[in-house]
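Okay, so here's the structure we're looking at.
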Amino acid sequence: MSLPVDDVQNPILGEPTCGSLLLQLQKIWDEVGECDEERDKALLHIEQECLNVYKRKVDQAAKSKEHLLQTLEDAKLELSTLLRSLGDKSFINIPEETSGTIKEQLASIAPTLEQLWKKKEERINEFSDVQTQIKKICGEIAGSDELAGTVTVDVSDLSLKKLEEFHNHLQELQKEKSQRLNKVLEFVNILHDICGVLGVDFYNTASDVHPSLIDATCAQSKSISNDTLARLAKSVTALEEAKKQRLHKLQDLAAQLTELWNLMDTSEEERSLFDHVTCNISASVYEITAPGALALNLIKQAEVEVERLDELKASRLKEIALKNQSEVEEIFALAHIEHDAKAAREKIMALIDSGNVEPAELLADMDAQVIKAKEEALSRKDILDKVEKWMSACEEESWLEDYSRDNNRYNGSRGAHLNLKRAEKARILVSKIPGLVDTLVAKTRTWEEEHGTTFAYDGVSLLAMLDEYSVLRHDREEEKKRMRNQKKFNEQLSTEQEAMFGTKPSPARPVSSLKKMAGPNETPNRRFSLNQNGAPNKRLSLNQNGASNRRLSLNQNGTRSVKRDNTRPVAPLNYVAISKDAAPVTP
């Protein structure tokens, strides 16, 4: 048996080859004289060993191929896993399917895997950073440090979508943290303001809630936990309630001080010592912001002052009550309302002496009486103004009658032209009297219907006065008409006598019938009264002092007579001295 001999020596390497070694073996066998059988056995053995070597090499190559295929499969699986985990299906360096060798395929996948592993590490760091911040904020909100620490990143999903979800969650938590921090700062500011108003130590109050609240260097370090917010809200609510109670108490004290000051007629200088108390008497709880405005020592000072003034108020009660009663009497007098002043004063003094009435109640009742008197006087003002105009018109009417009977009114005496102007104005004013009376009657009846009582003028029914005046005026007009008819008849008789006898009788001038003009220092009196027949009379006269008197009285059938004197301006020599703008009766 012989083996094939390819070559004796490797022409490239210059080293022995299988052929050269086999030739050497045959040469040796020839020299030895080895038989062919032995040679065949030896060659068969050599061939078997070579076959075994080839088999081993083939097995190793097959295993290497298998390993490479598994590596390629693992690489592809890793590539797929990374792509799925990163969620980046459009990665630009992903190799396409190729028909090259296994190592070529591995070589094409390796750079992509390197890039994806690097990207995975970066993505894990991003997830870890975001999740760490989320965990930290959650721990701050929960108020527990146990939540802080190392986080575990889920590598199965490292996609940008998942990362975006974490970022969105982080943003929501950061927003909530910001809102909570603002809420905490708002509570702290409110706490600081209320503590300042109440005079309470802010640092002790805030540290009782949480020590971080008094740290003014870093606002971000303040606790924002649910427990801190709840305790802050509770503390603020408690202080606000205390603020309301103190304000209510201070306002009560301020009201008492004001009442006592008004009762005691305290000077403004003494009242100014407690301006910091009374300035908040009508303020709301939200308007009190001044530091120490509701401090306990301030309230205590007000309490002491109230106690001091309360001991002194009794001595002033009678004086104030009588003063108010005098005001009521003055209002009634000006409004021409009948009032029993003596009985009212006796009643007030009896109540004070009995001690059965509270001073505040008594003063409130007196104030109510003053208000009621003012309201009643106000309701009568319009009618009283018209009554004054009516009486002034009646005075002018009386003056006009006297002036008309003066035969020397047109002579060139001093002031004649002034009297003439006044007479013109008086005629216009007198022509308005009927309308004025009608208006007064209508307004008086309306007033009586609204108030359900009679409108009395110094105890006399105004409607009765107006009715009697209307009757008197009607009778006067009738008398004037009768006098005109009589004058006309006399003139006609005189004309007939002249025609019969040819002479005209000379009219006699009754000098005694002329009235004396008012002197420069004399002012006429105005007196309105009802005569025995119940009709009103009006006449002008002078008193001893040259001042005017006004008297309103009833006739013999009446029961009341009220006199009121008002000094009028000094009159000139003529009748114009009685000015229509003279002071009217004050309503």
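Residue numbers (the working numbering): 1469 to 2055.
For every residue, glycine included, the Cβ atom is placed at its ideal position computed from N, Cα and C.
- A direct Cα-to-Cα measurement between residue 1835 and residue 1655 gives close to 47 angstroms.
- Judged by beta-carbon spacing, residue 1641 lies beyond the 8 angstroms limit of residue 1554, meaning their Cβ atoms are not closer than that value.
- By a beta-carbon distance limit of 8 angstroms, residue 1763 does not contact residue 1742. Their separation comes to about 14 angstroms.
- Around the CB of residue 1585, fewer than 16 other CB atoms lie within 10 Å, so the residue is classed as exposed.
- The beta-carbon distance between residue 1788 and residue 1831, rounded to whole angstroms, is 6 angstroms. This is short enough to meet the 8 angstroms contact definition.
- Residue 1797 sits away from residue 1804, with the two beta carbons spaced by 8 angstroms or more.
- The count of Cβ pairs closer than 8 angstroms, one atom from the segment 1649-1664 and one from the segment 1700-1711, reaches three, so the stretches are in contact.
- The residue from 1852, 1650, 1779, 1723 with its alpha-carbon nearest to that of residue 1912 is 1852.
- Within its own chain, the residues whose Cβ lies closer than 8 angstroms to the Cβ of residue 1819, once the five positions on either side in sequence are excluded, are 1825, 1830, listed in chain order.
- Between residue 1726 and residue 1749, the C-beta spacing is below 8 angstroms.
- When rounded, the separation of the alpha-carbon atoms in residue 1502 and residue 1538 is 51 angstroms.
- Fully enclosed alpha helix (DSSP H) runs of no fewer than 4 residues occupy 1486-1500, 1504-1554 of the segment 1475-1561, in order along the chain.
- Of the other Cβ atoms in all chains shown, 16 or more fall within 10 Å of the Cβ of residue 1678; this residue is therefore buried.
- Residue 1636 holds the alpha-carbon nearest to the alpha-carbon of residue 1598 among 1812, 1612, 1636.
- The beta-bridge partner set that DSSP reports for residue 1665 is empty.
- Residue 1570 places its beta carbon 8 angstroms or farther from that of residue 1509.
- Only buried fits residue 1792, as 16 or more other CB atoms lie within 10 angstroms of its CB.
- The three-state reading of DSSP puts residue 1928 in strand, counting E and B together.
- If you draw a straight line from the Cα of residue 1488 to the Cα of residue 1517, it comes to about 18 angstroms.
- One thing to note: residue 1857 has its Cβ no nearer than 8 angstroms to the Cβ of residue 1827.
- Residue 1871: member of the alpha helix (DSSP H) spanning 1827-1872, first to last residue.
- No residue range can be given for residue 1757, since it is assigned to no alpha helix (DSSP H) and is classified by DSSP as neither H nor E.
- Exposed is the label assigned to residue 1709, since fewer than 16 other Cβ atoms lie within 10 Å of its Cβ.
- Taking each of 1931, 1878, 1572 in turn and checking the Cα distance to residue 1907, the smallest one comes out for 1931.
- Collapsing the DSSP output to three states places residue 1704 in a helix.
- DSSP, read as helix, strand or coil, puts residue 1576 in helix.
- The beta-carbon separation of residue 1937 and residue 1905, rounded to 7 angstroms, stays under the 8 angstroms limit for a contact.
- Within the model, the alpha-carbon separation for residue 1670 versus residue 1699 is close to 15 angstroms.
- Looking at the backbone, the Cα of residue 1573 and that of residue 1691 are separated by about 58 angstroms.
- Annotated as proximal: residue 1891 and residue 1871, with beta-carbon spacing under 8 angstroms.
- Where residue 1749 is concerned, there is no enclosing alpha helix (DSSP H), because DSSP gives it neither an H nor an E.
- Under the three-state reduction of DSSP, residue 1819 is assigned to helix.
- Judged by their CB atoms, residue 1897 and residue 1861 are nearer to each other than the 8 angstroms cut-off.
- For residue 1922, there is no enclosing alpha helix (DSSP H), as DSSP gives it neither H nor E.
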